[in-house]
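S.K.:
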Amino acid sequence: MSKSIVVVDYGIGNVFSVCNALKQAGCEPNLTRSASDILSADKVILPGVGAFGRAIAALRDLGLDETLRRFVETERPFLGICIGMQLLMDQSTEFGENTGLGFIPGIVDRIPGTATDGSTLRVPHISWGEVRPAEQVSEDGWNATPLANGGEHDSFYFVHSFHCTPSDPAHRLAVVDYGGNAITAAVRRDNLMGVQFHPERSGPAGLGFLERFINL
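Numbered according to full-length UniProt numbering, the sequence shown terminates at residue 216, and the numbering increases by one at each position without gaps.
#1: I need the boundaries of the beta strand (DSSP E) containing residue 166, first residue and last residue.
#2: Is it the case that the stretch 143-152 contacts the stretch 66-74, given that we only count it when at least three CB pairs across the two stretches are under 8 Å?
#3: May I have a chain-ordered list of the alpha helix (DSSP H) segments no shorter than 4 residues that lie completely inside the stretch 47-133?
#4: If residue 104 sits next to residue 162, beta carbons under 8 Å apart, how far is it from one beta carbon to the other, in whole angstroms?
#5: When the Cα of residue 107 is compared with those of 148, 87, 49 and 54, which residue comes out closest?
#6: Tell me whether residue 136 is buried or exposed, calling it buried when 16 or more other Cβ atoms sit within 10 Å of its Cβ.
#7: Can you round the beta-carbon distance between residue 53 and residue 83 to whole angstroms, since I take them to be within the 8 Å contact cut?
#8: Could you tell me which uninterrupted beta strand (DSSP E) segments, each at least 3 residues in length, are contained entirely in the stretch 179-214, listed from first to last along the chain?
#9: Would you report the Cα separation of residue 184 and residue 35, rounded to the nearest angstrom?
#10: Skipping 5 residues on each side, what residues in its chain have a beta carbon closer than 7 Å to that of residue 174?
#11: Can you tell me whether DSSP reads residue 14 as helix, strand or coil?
#12: Count the other CB atoms within 10 Å of the CB of residue 16; is the residue buried (16 or more) or exposed (fewer)?
#13: With DSSP collapsed to three states, give me the class of residue 1.
#14: In three-state DSSP terms, what is residue 22?
As structure tokens, then:
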């Protein structure tokens, strides 16, 4: 039986690119803002680009913040992409303080503008980067996620000025190096997962990641 995958349509960003990538990865996603469709889905994906404040306001205006909270309580798989990952946190400091969904305790702050050698880094961070397990993640824990790819550490495409810092280091799943700084590339808590990179723009590695998420 095929599994139903919902992509949340809340008027923010890259929903059509994500849907096209999911089709290439082998599923027919349902792009919707219907609460009943979201709550009956096997898996939900929350994409997004742009500013945190605008994104969380759009979710709340549509009443989707509460719908997503109810879905998360079902313990079915949930994936946030880019801003969709950042929205999982408690708050963001982008353009003032904005309260997030609070599904994963933590804060969203601006990326460091200085490398560990003292040189200046360009912000936003726009590049391909190898995603590797965070320090505390076990091999078994890593292999149980869609990021695991036969022992390889894939490279993905990043475009962002802010990054997530979970309050509990155990929720930090993966990192990417930027000027010697270990930037959070993925977070995880129970059935929740978020990735800062754009799988829909990451070629075969991105499609492989989405395929593994579909098949969870």
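Heads up, the beta-carbon is just placed ideally off N, CA and C, and yes, glycines get one too. These numbers were taken from a predicted model, which means no experiment stands behind them.
M.R.: According to the structure shown:
#1: In the sequence shown, the residue the question calls residue 166 occupies position 166. Start and end: 162-166.
#2: Judged by Cβ distances under 8 Å, the stretch 66-74 makes no contact with the stretch 143-152, as fewer than three pairs qualify.
#3: Within the stretch 47-133, the complete alpha helix (DSSP H) runs of at least 4 residues are 52-61, 64-73 and 83-86.
#4: Counting from 1 along the sequence shown, the entry for residue 104 is found at position 104. Counting from 1 along the sequence shown, the entry for residue 162 is found at position 162. About 15 Å separates the beta carbon of residue 104 from that of residue 162, a gap too long to meet the 8 Å contact definition.
#5: The residue given as residue 107 occupies position 107 in the sequence shown. Taking residue 107 as reference, the option from 148, 87, 49 and 54 with the minimal CA-CA separation is 87.
#6: In the sequence shown, residue 136 corresponds to position 136, counting from 1. By the neighbour-count rule (16 or more Cβ atoms within 10 Å), residue 136 is not buried but exposed.
#7: Here the question's residue 53 lines up with position 53 in the sequence shown. Here the question's residue 83 lines up with position 83 in the sequence shown. About 10 Å separates the CB atoms of residue 53 and residue 83; that is not less than 8 Å, and the two are not in contact.
#8: Segments of the beta strand (DSSP E) lying fully in the stretch 179-214: 181-189 and 192-195.
#9: Counting from 1 along the sequence shown, the entry for residue 184 is found at position 184. Counting from 1 along the sequence shown, the entry for residue 35 is found at position 35. One Cα belongs to residue 184, the other to residue 35, and the distance between them is close to 30 Å.
#10: Within the sequence shown, the letter at position 174 stands for residue 174. 131, 132, 133, 134, 147, 185 and 186.
#11: Sequence index remark: in the sequence shown, residue 14 carries index 14 (1-based). The three-state reading of DSSP puts residue 14 in coil, since its state is none of H, G, I, E or B.
#12: Here residue 16 refers to the residue found at position 16 when the sequence shown is read from its first residue. That one is exposed.
#13: Counting from one through the sequence shown, the residue named residue 1 turns up at place 1. Note that residue 1 scores a pLDDT of 47, beneath 50, so its modelled location is shaky; the value from the coordinates is reported in the next line. Residue 1: coil per DSSP, three-state reduction.
#14: Within the sequence shown, the letter at position 22 stands for residue 22. Three-state result, residue 22: helix.
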